[in-house]
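The numbering of the sequence shown is the numbering used here, which starts it at 372 and goes up by one. This report refers to the structure that appears directly beneath it.
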Amino acid sequence: MRVSQIPWWGLPVVAVVFALVGAVVAYLVSARNNDLLDRARRDRQWYEERKEAYCRLLAAFEHATHRLRASFDAGEKPPPPIVYLDQVGPALMPVRLLASGPVRSAALAVHLQLERLHGEMNPAGVVGVRPQTHFLELLAQVPLVMQQLEAAVRDELGIVGTPPKASLNGRARPRRAAELSEPGQESR
């Protein structure tokens, strides 16, 4: 009978080599998964930070615009610019730090428009322009400038105007034919 030519220590060496290779592969897969999870967490955090900052700023702008319109309708002078800056400043700073160029520019355009409205309305050098009319014209432009800011925010955050399609994987039920037909039409 023939005896194997493998030395007695060969089997333990092969086992150790495979164990080391397995440990290295497990470590690399674990490191890759951790990296992917960290990247997803950072992306989610990036999105949430910006969304929160933009929502706070838009709300502050809306509040300032409403306060200006209410004070004008009541016949009062607009609040002084320092009150406006105290209100909007904390919401504007994170946007200035975190936002991309188009969003920052649009936010500063709205800010300058509102700051101008909080200042003295003196259309100097323009004959025939009343300060009240000038104020109302500038106030009417605020929603238009805010629309540009909203569009820039939607573009940066990747927000689309249509909802995602419903999935049929058991979580969402398919709509019945009667729900899909136009209102007032019978389903066939």
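Ideal Cβ placement from N, Cα and C applies to all residues, glycine included. As the structure is a computational prediction, the values presented were derived from the model and not from experiment.
Backbone CA spacing between A386 and V524 [nearest angstrom]: If you take the alpha carbons of A386 and V524, they lie about 58 Å apart.
Nearest-angstrom Cα distance between A549 and P534? Unreliable positioning characterises A549 in this predicted model, as indicated by a pLDDT of 47, which lies under 50. The coordinate reading is nonetheless provided below. Per the coordinates, the alpha-carbon of A549 lies some 21 Å from the alpha-carbon of P534.
Where do the N-terminal and C-terminal ends of the alpha helix (DSSP H) with P383 fall, by residue? Looking at the DSSP string, the run of the alpha helix (DSSP H) that includes P383 is 381 to 444.
If V516 and Q484 are in contact, beta carbons under 8 Å, what's the gap, nearest whole angstrom? About 5 Å separates the beta carbons of V516 and Q484, which is inside the 8 Å limit, making them a contact pair.
Would you call the CB atoms of A478 and L520 closer than 8 Å? Contact annotation: A478 and L520 have beta-carbon atoms nearer than 8 Å.
Endpoints, the alpha helix (DSSP H) within which E447 is located: Careful: E447 lies outside any alpha helix (DSSP H) and carries neither H nor E.
Return the chain-ordered list of same chain residues with a C-beta closer than 6 Å to the C-beta of S442, the five sequence neighbours on each side being excluded. When the five nearest sequence neighbours on each side are left out, the beta carbons in the same chain lying within less than 6 Å of the beta carbon of S442 are those of P449, in order along the chain.
State the CB to CB distance for the pair Y455 and A480, rounded to an integer number of angstroms; the pair is presumed to be in contact (CB under 8 Å). In this structure Y455 does not touch A480 by the C-beta definition: roughly 15 Å separates them, more than the 8 Å allowed.
Does the beta-carbon of V400 have 16 or more other beta-carbons within 10 angstroms, so that it is buried, or is it exposed? Taking all protein chains in view, the Cβ of V400 is surrounded by fewer than 16 other Cβ atoms within 10 Å, so the residue is classified as exposed.
Would you say L463 and L488 are within 8 Å of each other, going by their C-beta atoms? Result no, Cβ atoms of L463 and L488 do not sit closer than 8 Å.
Candidates R415, Q503, A522: which alpha carbon is nearest R475's? Answer by Cα proximity: A522.
Quick one: residues in its chain with C-beta nearer than 6 Å to the C-beta of G472, no 5 flanking neighbours on either side, listed in chain order? Excluding five sequence positions before and after G472, none of the CB atoms of its chain fall closer than 6 Å to its own CB.
What residue range does the alpha helix (DSSP H) around A480 cover? Segment 472 to 489, the alpha helix (DSSP H) holding A480.
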